Amino acid sequence: MAATPRRPRKPTYAERRERRAAVEDLGDVVDFAARFLEARPRAVAEVRRRLASAGFRADLAEAAIARLTELRYLDDEAFARAWVESRDRAHPRGEHALRRELGLKGVDRAIVDAVLADRAEGKGEPDLVAAERLLAGHRAALTRVADPRRRRQRAYALLARHGFDPAIASELARRVGEGSRDDDAEDS
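Structure, rendered in structure tokens:
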């Protein structure tokens, strides 16, 4: 009976890093970064961190970032706009949370300020609209709370966790606390 051939072992993380550190071809680095961008758009700083952690030389990583920027695969302003629109649509967040998230992604503060200023101009009060959408999504859970004071506290905590301004959170939490459970059930 013939022995089954062994599969070659996968290279270790350290071996892959060593191999990448020896890369001389810019095209290989650009290909690696492009594969990283396939999953979702990324900020320039995210790509820079990923290339560094993968072990590519800094000069090749910067050249790859420049090439991807030239090809418009990397654009922090477009990334920030898409991030804010996505959050407004699917996971409402306040301006404070959006600012923090984009900062963690490495987007320059001036770009974040410009994108959030455009957001405020376009919709009037985007934080208020987003906060109302968030509360609407949690309406069933909030209406199960019998005590208006506790309902108001839970609504405020929910809004605060999602980065909404305290004034907006207070106003909307007050409205939620004032609404009776029977009125809320009839609206559903």
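Heads up: the sequence shown runs through residues 2 to 189, numbered per our numbering. Quick reminder that beta carbons are idealized off the backbone N, C-alpha and C, glycines included. Bear in mind the structure is a predicted one, so any value in this text is a computation, not a measurement.
My assumption, with CB atoms under 8 Å, is that A156 sits in contact with L173. Please give the rounded CB distance. Between L173 and A156 the Cβ distance is about 7 Å, and since that is below 8 Å, they are a contact.
How many whole angstroms separate the CB atoms of R68 and V31, which I take to be in contact at a CB cut-off of 8 Å? Going by Cβ atoms, the distance from R68 to V31 rounds to 5 Å, so yes, they are a contact pair.
Just verifying my parser: in three-state terms, what is the DSSP assignment at G1? The displayed coordinates of the chain run from 2 to 189. Any statement about residue 1 would go beyond what the structure contains.
C-alpha gap between D89 and E122, whole angstroms: Going by the C-alpha atoms only, they are around 14 Å apart.
Tell me which residues share the same chain as F37 and place their Cβ nearer than 6 Å to its Cβ, disregarding the 5 neighbours each side in the sequence. Cβ within range, chain order: R51.
So A65 and A40 are supposed to be a Cβ contact under 8 Å. How far apart are they, rounded? 17 Å between Cβ atoms; not a contact.
Jot down the residue ranges of each uninterrupted alpha helix (DSSP H) in the region 48-97, minimum 4 residues, whole runs only, in chain order. Fully enclosed alpha helix (DSSP H) runs of 4 or longer: 59-71, 77-91.
Identity of the residue in R152, A46, R94, E133 nearest R162 by Cα: Out of R152, A46, R94, E133, R94 has the C-alpha closest to the C-alpha of R162.
Got a sec? Which residues, its chain only, sit under 7 Å from V177 by beta carbon, not counting five neighbours each side? L136, L143, R152, R153, A156, listed in sequence order.
Counted within 10 angstroms of its Cβ, other Cβ atoms place L99 as buried (16 or more) or exposed: It is buried - the Cβ of L99 has at least 16 other Cβ atoms within 10 Å.
Roughly how many whole angstroms lie between the Cα atoms of D29 and R18? R18 has its alpha-carbon roughly 14 Å from the corresponding atom of D29.
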